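As structure tokens, the structure follows; a few thoughts come after it.
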Amino acid sequence: MPIQILMPALSPTMTEGKLAKWAKKEGDKVASGDVLCEIETDKATMEVEAVDEGILGRILVPDGTENVAVNSPIALLLAEGEDASALDAAAAPGEAAAPPAAAAAPASTPAPKELPVAAPPPVEEYTGPTAKMTVREALRDAMAEEMRRDQEVILLGEEVAQYQGAYKVSQGLLDEFGDKRVIDTPITEMGFAGLGVGAAMLGMKPIVEFMTFNFAMQAIDQILNSAAKTLYMAGGKLGAPIVFRGPNGAAARVAAQHSQCYASWYAHCPGLKVVAPWSGADAKGLMKSAIRDPNPVIVLENEIMYGQHFEVPTDPEFLIPIGRAKIERPGKDVTITAFSRMVGVALEAAKQLEAEGIDAEVINLRSLRPLDVDAIVTSVKKTNRIVSVEEGWPVAGMGSEIAAMMMEEAFDWLDAPVVRVCGADVPMPYAANLEKLAIPQPETVVQAAKSVCYR
Amino acid sequence: MPAEAAAKGGSEPQTHPEGKPDAEELLKLYREMLLIRRFEEKAGQLYGMGLIAGFCHLYIGQEAVVTGLQACAKDQDSVITTYRDHGHMLAKGMDPKGVMAELTGRIGGYSRGKGGSMHMFSVEKRFFGGHGIVGASVPLGTGLAFAHKYRGDGGLNFCYFGDGAANQGQVYEAFNMASLWKLPIIYVIENNRYAMGTSLQRASATTELYRRGEAFGIPGMPVDGMDVLAVKKAGEEVTAYVREGNGPYVMELNTYRYRGHSMSDPAKYRSKEEVASYRKEHDPIDGLRSYMEQHGIGDEASFKAIDKEIKEIVNEAAEFAQTSPEPDPSELWTDVLIEA
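Residue numbers (the working numbering), protein chains in the order written: chain R, 1 to 455; chain V, 1001 to 1340.
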């Protein structure tokens, strides 16, 4: 049976083309790799090479034919020893064994798994021993405990070892774990982030510290394209258990390039988990969960919080589940969501609101991806009003997402439109007065809460 | 000049191991190169039929590079490369059926149809992709090397990338750390002379790519990447150097791709004569075959038998790739995160 040579698709979008010119004529010997003909597509003229060997028995589509459909037979190739009489049978119409186009129209996109109807069980209240310490120490203890527990956990980044951390978060780790596991890197974020992901692909569990998340912009390709997408691209066969951590958002008076909140950037991306601790307990429990998680996790810390003191659990098995929010202050009149340093701002606002007779419920989101929508909806069903607070910019921010979720999940429960309190939509200014205006203050939050209460 | 080194390669290998050629080994190299060649031709054909879509970068012409180097590798060694990755997977011993079915986007593919041509992985075979961002796989390979050293597993990483990637900044970030920490890694620059459509001379201020590690104290060598025996010989030297704990090494493999950058590239930026001269005078498969014939290794019948065997493997792979079903719609939502 002669081999049918089919009109090839020469680009991802080609459906038909012009057969410009045959390079071989009937009766010519064809070896694989020989140029058979030239085909014009909408983009270019390309040469088509033979795959099979034989004699070009018959040309079915002559030079210059336009609009030749992809996959229609254009010639017949006789195999070794095959007789020309075989051609007629093969050329018979309707014999073209054109395979179906690659993909039939996909069935309608299936919906993702429904959100669980029943609220997940409440996070168990920790009742074990605690100690008063700074957020900085809580983060250090979390890393130290996990490094004791698992030899595959290492810490790498700029100034993490000998300098003890640019913000002293890794204080003492070099002494305890040595320079094989606590590694000073050159100032090459893209390089060492990629190196960390590569080590994670072989099963190690690196913690990559960015001196601040502003510098992680240099590495964001490695975080998304190499860490976040690999599990999916590998059909579940290879992942990257890695933690990217460091201070995020505005510090104090360091201006635009060092003062940006990246929460919504990372929360946007499937394949990542994103947490943003506020208290010392948050910092410790979320960091430990992040290190134990088999997925890439972004831990957004905050420089201003590093020095603040909290009671912190000391049990080495204390973990905070990723994906669960915490009600920091129960209330009945208005829900205020916040994360990282803004939780403190929201609590301060709640105190001021109390003086004005408004009982605010403050939710510490803790996790931004997955976002604990369930906890927010439950709260809004009670208060019927919600204000979202974040340090980041308003456009496509976390507050935008929360507002959209409330439309979808809590529309009938709202007595007022959702209000977002955000950082000013400008690069961070340096001047003290302008900087203060650019960052949400308790007073801004009070105003917003009153507005949704129509007061 | 490395480009000349390749050009001088001729159709016969200029370099061969000391002593008598090992017939079994030569036939094995021949068979592996032929498998890649025929597999890629079949992939091109399936692309033409609309069964493979999107980007599809064929390795035809470059077979000697990965075949020669993989002949120097040990099981514990890892391999990482960019998007022209089918040949590397076959050389690593991955199943042609699984690779082809990934190209057709079917459930039987290495990534269950979710990765495609540029994204396949096998932890078991220590093949870590398949990466589509030019240059990004170089820090990743350096991280694999870091893990080999940290664990002391005796493995090294073969980190393949092209002459185009060699200009990316992160390559040098990786070189610096690999040299600083003496990581077991071989940076294999597959110089096929064109970064998509831009020739090396038009994109690179210095074209001796094997010298790109010099600023970091990394030694390098140019190799005729069209001569599998030359590649293997160089690979033996370099793997020994790296396994001794001396740190990284840069190899520049001067090679040539016969096809366009991807399936939709008509490759008008180079002359027909240039392509023809590589195909006719420097083809790695023809070259090895004539070398073997000169040394009385293998006869017409044995080459025919290899051809037939390879054809069957490739046809079986193509058949599997067309009969394996598309992924179930539920697969859209799986493998985003590992459920803890």
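For every residue, glycine included, the Cβ atom is placed at its ideal position computed from N, Cα and C. Here the structure is a predicted model, which is why all the values come from computation and not from measurement.
Against chain R, the CB of V/Asn-1176 has a partner CB under 8 angstroms away; the residue lies at that interface. Where V/Gly-1098 is concerned, the enclosing alpha helix (DSSP H) starts and stops at 1096-1103. Taking C-beta atoms under 8 angstroms as the contact rule, R/Pro-8 and V/Gly-1048 qualify, at a distance of about 3 angstroms.
Contacts between V/Gly-1164 and chain R, judged by CB atoms closer than 7 angstroms, are missing: the closest CB pair is about 16 angstroms apart. Within chain R, no C-beta atom comes nearer than 9 angstroms to that of V/Asp-1227; the closest sits roughly 19 angstroms away. Per DSSP, R/Lys-18 is one residue of the beta strand (DSSP E) stretching across 16-22.
Beta-bridge pairing by DSSP links V/Ser-1122 to V/Phe-1127. By the C-beta density criterion, V/Asp-1265 is buried, having at least 16 other C-beta atoms within 10 angstroms. Interface criterion met: the Cβ of R/Pro-270 is under 8 angstroms from a Cβ in chain V.
The residue from R/Gly-54, R/Pro-370, R/Ile-322 with its alpha-carbon nearest to that of R/Leu-36 is R/Gly-54. Nearest to R/Val-160 by C-alpha distance, out of R/Arg-245, R/Ala-290, R/Ala-250, R/Thr-130, is R/Arg-245. V/Arg-1112 counts as buried, since at least 16 other C-beta atoms from the protein chains shown sit within 10 angstroms of its C-beta. V/Lys-1311 and V/Val-1123 have their C-alpha atoms roughly 28 angstroms apart. Interface flag for R/Asp-221 against chain V is set, since a Cβ pair is found closer than 8 angstroms. Note that the C-beta distance between R/Pro-296 and R/Gly-323 is not below 8 angstroms. For R/Lys-205, there is no enclosing alpha helix (DSSP H); the residue is part of the beta strand (DSSP E) that begins and ends at 205-209. Listed along chain R, the residues sitting closer than 7 angstroms to V/Asp-1335 by beta-carbon distance are Leu-231, Tyr-232, Gly-235, Gly-236. V/Arg-1257 has its alpha-carbon roughly 8 angstroms from the corresponding atom of V/Val-1275. Among the CB atoms of chain V, one or more fall inside 8 angstroms of the CB of R/Thr-185. At least one C-beta of chain V is nearer than 8 angstroms to the C-beta of R/Phe-192.
With contacts defined as CB atoms closer than 8 angstroms, R/Ile-154 and R/Met-204 qualify as a contacting pair.
Taking a 10 Å sphere around the C-beta of R/Arg-149, we find fewer than 16 other C-beta atoms and assign the residue as exposed. Distances from the alpha-carbon of R/Arg-455 to those of R/Asp-412, R/Gly-357, R/Leu-437, R/Thr-383 put R/Gly-357 closest.
If you check each beta-carbon in the region 192-213 of chain R against every beta-carbon of chain V, the ones closer than 9 angstroms belong to Phe-192, Ala-193, Gly-194, Leu-195, Gly-196, Val-197, Gly-198, Ala-199, Ala-200, Met-201, Leu-202, Gly-203, Met-204, Pro-206. Cβ-Cβ separation between V/Tyr-1083 and V/Leu-1288: approximately 26 angstroms, too far for a contact (criterion under 8 angstroms). Runs of beta strand (DSSP E) with 3 or more residues, each lying fully within the region 155-201 of chain R, are found at 182-184, listed in chain order. Contact between V/Lys-1028 and V/Ala-1317 is ruled out by a C-beta separation of about 20 angstroms, above the 8 angstroms threshold. The beta carbon of V/Thr-1142 sits closer than 8 angstroms to some beta carbon of chain R.
Beta-bridge annotation (DSSP): V/Tyr-1160 is paired with V/Val-1188. For secondary structure counted as the beta strand (DSSP E) over 3 or more consecutive residues, the region 1166-1241 of chain V holds these complete runs in sequence order: 1185-1191, 1220-1224.
Interface flag for R/Val-70 against chain V is set, since a Cβ pair is found closer than 8 angstroms.
Burial is judged here by how many other beta carbons sit within 10 angstroms of a residue's own beta carbon; V/Met-1118 has at least 16 and is buried.
When Cβ-Cβ separations below 8 angstroms define contact, R/Asn-295 makes contact with chain V.
Secondary structure at V/Arg-1151: helix, using DSSP grouped into helix, strand and coil.
The C-alpha of R/Glu-145 lies about 6 angstroms from the C-alpha of R/Pro-316. For R/Asn-364, there is no enclosing alpha helix (DSSP H); the enclosing beta strand (DSSP E) has its first and last residue at 360-364.
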